[in-house]
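Quick note, the sequences are listed as chains A and L, same order. Here the first sequence is numbered in my numbering, starting from 1 and rising by one per residue. Here the second sequence is numbered in my numbering, starting from 376 and rising by one per residue. The beta carbon of each residue, even a glycine, is placed where N, CA and C say it ideally should be. Everything numeric in this text was worked out from a predicted model, so none of it was measured. I have placed the structure first, in the form of C-alpha cells, so that the comments after it can refer back to it.
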Amino acid sequence: MIRVDLARPFARRLIPLVLVSSGLFAAAVPLAFHLEGRRELAGGARAAAGQVARVVELAMSARPLLWRYDAAKLAEQLQAAGLGNLDGLEVQDAAGHRVAMGSLPIGPVVWGRADVVLEHQRLASVWVANRLGPLWASSGLVALLCALLSLVLGGALYLYPVHTVMRAERRIAALLAERRVALQEEERRRIARELHDGAGQAITAARLQLLALRQQGLAASSAAAVERHLDEALEEVRRSTSALLPAPLAELGLLGALERHCATYSQATGVDIALEAPSSFPELPAALQTAVYRIAQEALHNTVRHAAASRAVVRLQADAGTLALEVDDDGRGFGEAASCQSIRERVAGLGGAVTWPEVGSARLRITLPLAGGDP
Amino acid sequence: MHLANSPLRFAHLLSWALLAACAGDPPPPAPVRANGALAPTPDALLAMGSGAATPLLQALSRAYAAGHPSLPVRVEPSVGTRGGVAAATDGAVDLGLVGRGLRPALELFPLALDAVVVAGAPDVERQGLTRTELRQLYAGERGSGLTLLLRDTEETANDALESAYPELRALRESGVASARFRVLDHDEAMAHALLTTPGGVGVFSFGAILSWRLPLRPLALDGVRPSVDALASRRWPAVRRLGMVFRAERRARIAPFLAFVASAEGRSATRAAGYLPLPEAAQ
Chain A
1 MIRVDLARPF ARRLIPLVLV SSGLFAAAVP LAFHLEGRRE LAGGARAAAG QVARVVELAM
61 SARPLLWRYD AAKLAEQLQA AGLGNLDGLE VQDAAGHRVA MGSLPIGPVV WGRADVVLEH
121 QRLASVWVAN RLGPLWASSG LVALLCALLS LVLGGALYLY PVHTVMRAER RIAALLAERR
181 VALQEEERRR IARELHDGAG QAITAARLQL LALRQQGLAA SSAAAVERHL DEALEEVRRS
241 TSALLPAPLA ELGLLGALER HCATYSQATG VDIALEAPSS FPELPAALQT AVYRIAQEAL
301 HNTVRHAAAS RAVVRLQADA GTLALEVDDD GRGFGEAASC QSIRERVAGL GGAVTWPEVG
361 SARLRITLPL AGGDP
Chain L
376 MHLANSPLRF AHLLSWALLA ACAGDPPPPA PVRANGALAP TPDALLAMGS GAATPLLQAL
436 SRAYAAGHPS LPVRVEPSVG TRGGVAAATD GAVDLGLVGR GLRPALELFP LALDAVVVAG
496 APDVERQGLT RTELRQLYAG ERGSGLTLLL RDTEETANDA LESAYPELRA LRESGVASAR
556 FRVLDHDEAM AHALLTTPGG VGVFSFGAIL SWRLPLRPLA LDGVRPSVDA LASRRWPAVR
616 RLGMVFRAER RARIAPFLAF VASAEGRSAT RAAGYLPLPE AAQ
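Laid out in C-alpha cells, this is it:
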C-alpha cells in the first residue's frame, strides 16, 4: 500500500492555530463582558453619586452647617429618590471630614464620584459604590460557557479539516496504487508484445526456414537439432510472455479466461469447480482484469491445497461502483494465515477489501472499487 | 523603549488602559479626623436634637429672649437625639437635645419629663384606649376604625410607651417588618400624617401637642388622661426624660440659659409648654 503522509503534518501545524484561536475566544469574550459590566456599574455609580449630591446640595442650601447631623431626613430623601439601597455611600465635606449618611461597602466595588458645588465652590464630595460581586459571578458563568464553547469550536476547527485531509490522503493513495498497478500491467503487456512480435516471430520464421531447408535435403539430423533448439527458444518466449500477461485474458477476456481456468483446474485436481457470473459484464480496465484473474487463481489454489474441498464455486458480480469476487467451497476453510500474500497486496493496491474465510467457513469475499469510485 | 519593539509592554499598557477605562472613579480618601471643636456661633446659642425636646426649647428660648436679648437661643429643626449629640460633640451647636439616656463624653443637664401619648387625628372621637385595645391596634386587628401610624426605630417615644406596655414591642417590630404600618421619621412628619390621615393615631409628644398648639387629641390610656399633673403624680405610664448635653468648655457660655431653665420662671415656662420640670434641674 502506498503511504501518502499528509494528515499528520497538517494536524501538527493546525494544533497551535486551533489552540490560539480557541484560547483567544475563551478569554476575550468573558473579558469583554466583564469590562462592559464594570463600565456600566461605574456609570451607574456616577449617576447615583450625582443624585445624592443634589440631595446634599438642597440640604446644604437650607442648613449650611447643620445639614450633616440630620442623617434621618437625608436618608428619607434618598429613599424617596430611589437611592435607599446603595451598596456603599461616602460623603465628605470640603475639609475631608466624613458625613455619616451611609455605610462603606464590603468587598470589591467600583466607585462613582460627584461633587456638591454651591456658588462655584466645591463644598462636599459624594462617592457611591456598586458591588462587583454579582458581576464577578456572571463573568465567571460567561467564562465557563465560553470555555465549553471554545472546546467544542476548537474540536470542530481541528477535526473537520483533519478528517477532510485524511479522506483526501486515502483517495490519493488509492489512485496512486491503481496507477502503479496499471503502469506495471502496461509495462508487462509492452514487454510481452515486444517478445511475441519481435523475438517470437523471428524464431518462428527461422524455424519455418529450417523446415523448408530440411525438406530440400539438408541433413535431417542437423536440421532437426537446430529446429529443436528453436522450439525450445520459442517455448521459452511463450512462457515468459504468459507470465507477464495471462494469455487466456488476452485471447478470451476475463469471463472466458476464468471459465477456461476453472475447467482445466477442475480436470487437473478432481475438484468440481463452477463459475457463476452474469451474462453481460462491464468492460474492466486491464489492470483490474489481471488482478481478478490472478486472485481467483490463487484462491482456488488455496481451496484445493488447504480446504480439502470437493466442490468450489467462483462468483463474480459488478454494480455501479464495486466489483465482488467470491470463492466458496464445501471444505473446512483455511483462514487468513494460509492465504497468499499476493492476494493481500493486489487487493490493497487497488483499494479493495478482503473478508478472509474463518476456520470452519469457506467463503472468501473480495470487493474492489471500479475505476472512479471512492474506496 | 519603543512600543513597536516591545509587544508585551504594549499589551501590558493596553490592558491597563482598558481596565482604567472601566474601573470607575478612585475610591474616597481616608476621612480627616476633626481636629478640635468648631467655633461657637457668636450671635446666638444653638440648640438642636430630639424632636420631643425641640418644642420645649422653643418655648424656653422665647421666654429667655425677653430677659436676655444679647445672646438669644436659636433652636434648629429636630435631627433626633443621635444627631443632637453628634452636633454638640463637634461643637456645631451649643446644646444637644436628648430624649434618652445616652452617655456621651458631654455634660448633661436634666430638663423635663415628657408624656408620650397616643395622639388621635382631629376626626377621632374616641377619648381613650385600654391596654387591650392598644394591643389590638398594634396587632393590626381591624374594627376599631383607627389607623395606626408608627415612628422609626430610633424614636425614643417607642421606648417610653413600650416600657409601660412591653407586649407592644414585638407587635410593632413585626408590623414594621411586614410593612403593615406607615412609619414616619420625624415629629413634624408624624404631626402632618396625623393631621391628614382620617382615623389616624400614633405615638407623639404631649408637650409638642401643647407647645405647637396642634389640633390633635391625646388619648387617655386605661382611663388616665395625659397632663402635666398626671406626670407629676406618676399616674401617666409612658414617660421619657429630656435633657441637654454640651461640651464642658461651653458651660460658661450657656450658664445664663441653664440658670434660667432652672429658675422658677424657666420651670413655669416648662410647665406651660406641657412638660414636667425635673427636680434636678432646679439645683
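Beta-carbon within less than 7 angstroms of residue i's beta-carbon, same chain only, minus the 5 sequence neighbours each way: which residues are those?
i	result
Arg506 of chain L	Tyr540, Asp597
Val551 of chain L	Leu525, Val558
Ala223 of chain A	Leu210, Leu213, Arg214
Ser310 of chain A	Val271, Asp272, Asp330
Using the three-state DSSP reduction, which class does residue i fall into: helix, strand or coil?
i	result
Gln216 of chain A	coil
Trp587 of chain L	coil
Val491 of chain L	strand
Val533 of chain L	Before going on, a small fix: residue 533 of chain L reads as Asn here, not Val. If DSSP states are grouped into helix, strand and coil, Asn533 of chain L belongs with the helices.
Asp374 of chain A	With a pLDDT of only 42 at Asp374 of chain A, under the threshold of 50, the placement of this residue in the model should not be trusted; the figure read from the coordinates follows. Coil at Asp374 of chain A, not helix or strand.
Arg642 of chain L	helix
Asp329 of chain A	strand
Gln121 of chain A	strand
Ala657 of chain L	Caution is warranted here: a pLDDT of 48 is assigned to Ala657 of chain L, below 50, making its placement in the model unreliable, and no coordinate value can be reported.
Ala564 of chain L	helix
Val551 of chain L	helix
Val271 of chain A	coil
Ile2 of chain A	coil
Gln502 of chain L	coil
Ile191 of chain A	helix
Ala539 of chain L	helix
Met376 of chain L	Annotation note: pLDDT 47 at Met376 of chain L (below 50); position unreliable, coordinate value reported separately. Coil at Met376 of chain L, not helix or strand.
Met423 of chain L	strand
Gly112 of chain A	strand
Leu350 of chain A	coil
Met619 of chain L	strand
Pro593 of chain L	strand
Ala134 of chain A	According to the sequence provided, residue 134 of chain A is Pro. The question's Ala does not apply to it. It is helical.
Using C-beta distances below 6 angstroms, list every residue in its chain close to residue i, excluding the 5 sequence neighbours before and after it, in chain order.
i	result
Leu594 of chain L	Val493, Gly495, Gly503, Leu504
Thr531 of chain L	Gly474, Arg475, Arg615
Leu368 of chain A	Leu323, Leu350, Gly352
Leu176 of chain A	Ile2
Gln658 of chain L	Any reading at Gln658 of chain L is ruled out, since the residue's pLDDT is 47, under 50, leaving its predicted position unreliable.
Could you round the C-beta distance between residue i and residue j to whole angstroms and report it? I think they count as a contact, below 8 angstroms.
i	j	result
Ala490 of chain L	Pro601 of chain L	5 angstroms
Ala62 of chain A	Val128 of chain A	Actually they do not touch by this definition, with Cβ atoms about 22 angstroms apart.
Val599 of chain L	Arg646 of chain L	Not confirmed; about 19 angstroms, so no contact.
Val620 of chain L	Glu451 of chain L	That pair is no contact at about 15 angstroms.
Ala421 of chain L	Asp469 of chain L	This sequence places Leu at residue 421 of chain L; Ala is not what is there. Confirmed, about 5 angstroms.
Pro406 of chain L	His120 of chain A	Rounded, the Cβ-Cβ distance is 24 angstroms, inconsistent with contact.
Leu536 of chain L	Leu606 of chain L	Actually they are not in contact, since the Cβ atoms of Leu536 of chain L and Leu606 of chain L sit about 14 angstroms apart, beyond 8 angstroms.
Can a CB atom of chain B be found closer than 8 angstroms to the CB of residue i?
i	result
Val110 of chain A	This model lacks chain B altogether; the protein chains it does include are A and L.
Within the continuous alpha helix (DSSP H) that includes residue i, where are the two ends?
i	result
Pro16 of chain A	7–62
Asp465 of chain L	455–465
Thr303 of chain A	286–306
Phe632 of chain L	626–637
Arg437 of chain L	429–442
Ala80 of chain A	71–80
Leu521 of chain L	It is not in any alpha helix (DSSP H) - Leu521 of chain L carries neither H nor E in the DSSP assignment.
What are the start and end residues of the beta strand (DSSP E) that includes residue i?
i	result
Trp67 of chain A	No beta strand (DSSP E) contains Trp67 of chain A, which DSSP labels as neither H nor E.
Val354 of chain A	353–355
Asp93 of chain A	88–93
Ala580 of chain L	Just to set this straight, residue 580 of chain L is Ser in the shown sequence, not Ala. Taken as a continuous stretch (DSSP letters only), the beta strand (DSSP E) holding Ser580 of chain L covers 575–580.
Which same chain residues, not among the five before or five after residue i, have their C-beta less than 8 angstroms away from its C-beta?
i	result
Leu653 of chain L	Pro485, Leu486, Ala487, Leu488, Arg616
Leu521 of chain L	Gly495, Val499, Arg501, Leu512, Gly574, Gly575, Val576
Arg510 of chain L	Tyr540, Glu542, Leu543, Leu546
Asp115 of chain A	Ala53, Arg122, Ala124, Ser125, Val126
Val110 of chain A	Arg38, Leu41, Ala42, Ala45, Ala129, Asn130, Leu132
Ser436 of chain L	Ala422, Pro447, Val448, Arg449, Val450
Under 9 angstroms (Cβ pairs) to chain A, residues found in the segment 396–410 of chain L:
Ala396, Cys397, Ala398, Gly399, Asp400, Pro401, Pro402, Pro403, Pro404, Ala405, Pro406, Val407, Arg408, Ala409
Listed from N- to C-terminal order along the chain, which residues in the segment 86–108 of chain A have their beta-carbon within a distance smaller than 7 angstroms of any beta-carbon of chain L?
Glu90, Gln92, Ala95, Gly96, His97, Arg98
Residues in the segment 75–86 of chain A with C-beta within 7 angstroms of chain L's C-beta atoms, listed in sequence order?
Glu76
Residues of the segment 446–458 of chain L with a CB closer than 7 angstroms to any CB of chain A: list them in chain order, please.
Glu451, Val454, Gly455, Gly458
If contact means a Cβ-Cβ distance below 7 angstroms, which residues of the segment 116–145 of chain A contact chain L?
Trp127
Chain L contacts from the segment 20–37 of chain A (Cβ-Cβ distance under 7 angstroms):
Leu35
Under 7 angstroms (Cβ pairs) to chain A, residues found in the segment 541–562 of chain L
Asp560, His561
For the segment 152–164 of chain A, list every residue whose C-beta sits within 9 angstroms of some C-beta in chain L, in sequence order.
none
Below 7 angstroms between beta carbons is the criterion; list the residues of the segment 598–619 of chain L that meet it against any residue of chain A, in chain order.
none
Determine which residues of the segment 517–535 of chain L have a Cβ less than 9 angstroms from any Cβ of chain A, and write them out in chain order.
Asp527, Glu529
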